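**Q** There's a structure below that I have some questions on.
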Ligand code: NAD
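In the numbering used here, the protein residues as written are 39 to 419.
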């Protein structure tokens with residue numbers, strides 16, 4: 039899928055070794071599980087698409103459902119909405135979901151009796167993630183939940199416990215973990231291509247319009263850190279495999295007149311320090327269209343993902359070198375990363391594998407977010 043690639047042979051060799059090791063580990067895990075099924079049932083079961091109910095039919099659920107429609111592994115089989123007669127009918131027709139599989143928030147628990155619904159995708163305001171994850175788990179359904187996982191680490195723990203007790207899978211929808219461009223950055227770092235990481239720089243933001251749940255603390259739980267600052271924070275944790283131990287943060291609000299920021303900061307700059315000594319300096323905002331990027335500075339080179347957090351066109355380059363990586367995702371479909379994450383989760387459901395972004399990953403981000411807001415002097419929760 040890579041276009042405009044100019045990858046030195048040593049980089050390529052290291053990547054190939056890593057990819058084949060990864061593929062081998064994945065294959066052996068699924069083949070162990072497959073061996074437990076009778077032979078005739080193995081291929082039919084493995085190929086049956088996993089049925090998802092989309093919970094909350096807003097912007098992100100719309101993209102997720104489109105991703106499922108383009109996949110052989112995932113299928114929209116249920117809808118949960120406060121507007122069954124309008125949105126429910128419209129999406130029902132689009133994805134061939136019968137009226138009997140359209141639920142409201144009040145009738146949600148009845149998904150328990152619907153065998154076509156094996157999993158839910160939660161695309162609700164942040165403060166509703168915990169309740170609907172717990173209710174879905176109690177109904178015996180696997181849960182793919184949008185980021186941020188919840189509005190506090192205590193809620194994240196409740197969600198993990200509920201899914202464990204019910205024996206269902208829980209995955210947080212960190213879509214870039216499934217994007218080949220980001221995976222290439224991870225492989226290059228692991229292969230030692232840029233040496234020991236020293237520091238990260240990153241940012242993400244947009245100019246938020248008024249009158250939306252994101253600006254209401256009760257629904258959002260916090261400001262732009264919960265929504266967009268979480269991207270570079272999560273990726274630094276992912277790429278280092280470390281958990282940050284110290285934090286600084288500076289919140290600021292320049293717009294004091296529109297009323298948009300009555301309940302949260304407009305902009306937040308923050309730093310994190312990992313146990314190895316790696317540091318990260320990040321910015322996020324609801325006050326400007328701040329393009330998402332991540333720079334990873336190593337002792338032997340710098341990688342830059344820019345754009346890093348768009349739905350399409352993610353771009354990885356090596357900075358300051360004549361020979362290096364230059365890979366841009368050629369994908370133009372907004373739902374590409376959502377299709378990949380849905381397929382990963384479907385694979386986990388079918389093979390009993392653990393998602394690569396389980397609930398624990400969301401919990402660790404919330405723990406870091408709580409520490410950052412505490413350092414900012416504006417604790418959440
Ligand atoms: P949205 O406002 O477009 O959709 C939210 C949905 O929840 C709507 O259908 C709305 O009707 C419903 N809803 C139910 N109860 C509500 C209430 N009390 N108040 C407001 N809406 C209510 O939001 P969105 O942009 O789709 O975000 C939903 C979730 O997805 C958030 O957690 C957000 O952080 C996450 N998200 C993820 C990505 C990503 O790239 N992974 C991108 C955007 C949003």
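Using N, Cα and C, we set each Cβ at its ideal position, and we do this for glycine too.
Please read these numbers as outputs of a predicted model, since none were measured by experiment.
1. Is there at least one Cβ from chain C nearer than 8 Å to residue 318's Cβ?
2. State the DSSP-derived secondary structure class of residue 73, mapped to helix, strand or coil.
3. Around the Cβ of residue 249, are there at least 16 other Cβ atoms within 10 angstroms (buried) or fewer (exposed)?
4. Assuming residue 89 contacts residue 155 (C-beta within less than 8 Å), just tell me the rounded distance between them.
5. Apart from the five residues on each side of it in sequence, which residues of its chain come closer than 7 Å, Cβ to Cβ, to residue 168?
6. Quick check: does the Cβ of residue 197 come within less than 7 Å of any heavy atom belonging to ligand 1?
7. Which same chain residues end up closer than 8 Å to residue 411 when comparing Cβ atoms and leaving out the 5 residues on each side of it in sequence?
8. Leaving out five residues on either side along the sequence, give the residues of the same chain with a beta carbon under 6 Å from the beta carbon of residue 379.
9. Three-state secondary structure (DSSP) at residue 312?
10. For residue 191, report the span of its alpha helix (DSSP H) as first-last.
11. Might you give, ordered along the chain, the residues of its own chain that have their beta carbon closer than 7 Å to the beta carbon of residue 122, omitting 5 neighbours on each side?
12. So, at 7 Å on beta carbons, what are the nonlocal neighbours of residue 398 in its own chain, with the 5 sequence-adjacent residues on each side left out?
13. Quick one: Cα of residue 348 to Cα of residue 308, how far?
14. Where does the unbroken beta strand (DSSP E) through residue 346 begin, and where does it stop?
15. According to DSSP, residue 307 sits in a beta bridge with which residue or residues?
16. Just to confirm before moving on: does the CB-CB distance between residue 237 and residue 306 stay below 8 Å?
17. What's the C-alpha gap between residue 127 and residue 135?
18. Quick check on this structure: which residue in 377, 359, 285 and 320 has the alpha carbon closest to the alpha carbon of residue 270?
19. Would you say residue 372 touches ligand 1, meaning its beta carbon is less than 7 Å from a heavy atom?
20. Could you name the residues of the same chain whose beta carbon sits closer than 6 Å to that of residue 64, not counting the 5 residues immediately before and after it, in chain order?
21. Please state if the CB of residue 227 and the CB of residue 334 are separated by a distance shorter than 8 Å.
22. Using only the heavy atoms of ligand 1, determine whether one of them is closer than 7 Å to the beta carbon of residue 251.
23. So, are the CB atoms of residue 112 and residue 381 less than 8 Å apart?
24. Whole beta strand (DSSP E) runs in the segment 219-266 with 3 or more residues, listed along the chain?
**A** Working from what's here:
1. You won't find chain C in this structure, because it holds only one protein chain.
2. With a pLDDT of only 45 at residue 73, under 50, the local geometry of the prediction cannot be trusted, and no value is derived from it.
3. Burial call: exposed.
4. 5 Å
5. 188, 193, 196 and 197
6. For residue 197, the distance from the CB to the nearest heavy atom of ligand 1 is not below 7 Å.
7. 260, 263, 287, 417 and 418
8. 211, 213 and 216
9. Look at residue 312 here: in three-state DSSP terms it is coil, with no helix or strand label.
10. 191-204
11. 140 and 142.
12. 198
13. 22 Å
14. No beta strand (DSSP E) holds residue 346; DSSP gives it neither H nor E.
15. 288 and 321
16. no
17. 9 Å
18. 320
19. no
20. Note on residue 64: pLDDT 33, under 50, position unreliable in the model; the coordinate value appears next. None.
21. yes
22. Yes, the Cβ of residue 251 comes within 7 Å of a heavy atom of ligand 1.
23. In contact: residue 112 and residue 381 (Cβ atoms closer than 8 Å).
24. 235-243
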